[in-house]
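Data first, discussion second: the structure below is written as structure tokens.
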Amino acid sequence: MEFLMAFIIGILFMCATYLILSKSLLRIIIGTGLLSHGVHLLILTMGGLKKGAAPLLGQHADSYSDPLPQALILTAIVISFGVTSFLLVLAYRTYQELGTDNLEKLRGKKHE
């Protein structure tokens, strides 16, 4: 199972890197979202993919699942949602003001 997760994480990182290196501002935002999802899966995989009971008091089981990676991922999802929302609003406002989302056009003309 870890091998499959590593393969999926690699594909997410590959797609995110491709999108971040593009010239469109919207593609860059989508790439950062994909990158954050890849990091979430990486944290979950590094925490260990094992089956077990929920770590609750009064429950007697042979093995328990570790709640720390899940708590870290939940916090990271909330933070990445806020950052993505901010970037989308910033890109929309930039498109309203300048009429383009192309990064080469946003730089302006070079003085010769």
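Under the working numbering, think of the first position of the sequence shown as 1391, with each following residue one higher. For each residue, glycine too, the CB sits at the ideal point set by N, CA and C.
Q) Does the Cβ of Lys1441 lie closer than 7 Å to at least one heavy atom of the ligand NAP? A) The model on display carries no ligand, and the ligand NAP is accordingly not part of it.
Q) For Ala1444, does the count of other Cβ atoms within 10 angstroms reach 16, so buried, or fall short, so exposed? A) Here Ala1444 is exposed, its C-beta having fewer than 16 other C-beta atoms within 10 Å.
(Q) The alpha helix (DSSP H) that contains Leu1446, what's its start and end? (A) Run containing Leu1446: none; DSSP gives neither H nor E here.
Q) According to DSSP, is Ser1453 helix, strand or coil? A) Annotated three-state conformation of Ser1453 is coil, per DSSP.
Q.
Given a cut-off of 8 Å on the beta-carbon distance, is the pair Thr1422 and Ala1396 in contact?
A. Between Thr1422 and Ala1396, the CB-CB gap reaches or exceeds 8 Å.
**Q.** Lys1440 vs Ser1455 beta-carbon contact at 8 Å
**A.** Less than 8 Å divides the Cβ of Lys1440 from the Cβ of Ser1455.
(Q) Assuming the contact rule is C-beta atoms closer than 8 Å, Ala1406 and Leu1424 should be a hit. Round their C-beta distance to whole Å, please. (A) Distance from Ala1406 to Leu1424 at the Cβ level is roughly 4 Å; contact confirmed, criterion being Cβ atoms closer than 8 Å.
(Q) Helix, strand or coil, according to DSSP, for Ser1414 in the structure here? (A) Reduced to three states, the DSSP call for Ser1414 is strand.
Q: Rounded to whole angstroms, what's the CA-CA distance from Leu1415 to Val1468? Just pull it up for me.
A: In a straight line, the C-alpha of Leu1415 is about 22 Å away from that of Val1468.
Q.
For Val1429, tell me which candidate among Ile1418, Leu1462, Ser1412, Pro1457 has the shortest Cα-Cα distance.
A. Comparing Cα positions, the closest option is Leu1462.
Q.
Among the candidates Ile1419, Pro1459, Ser1453, whose CA atom is the shortest distance from the CA of Leu1493?
A. Among Ile1419, Pro1459, Ser1453, the Cα nearest to that of Leu1493 is on Ile1419.
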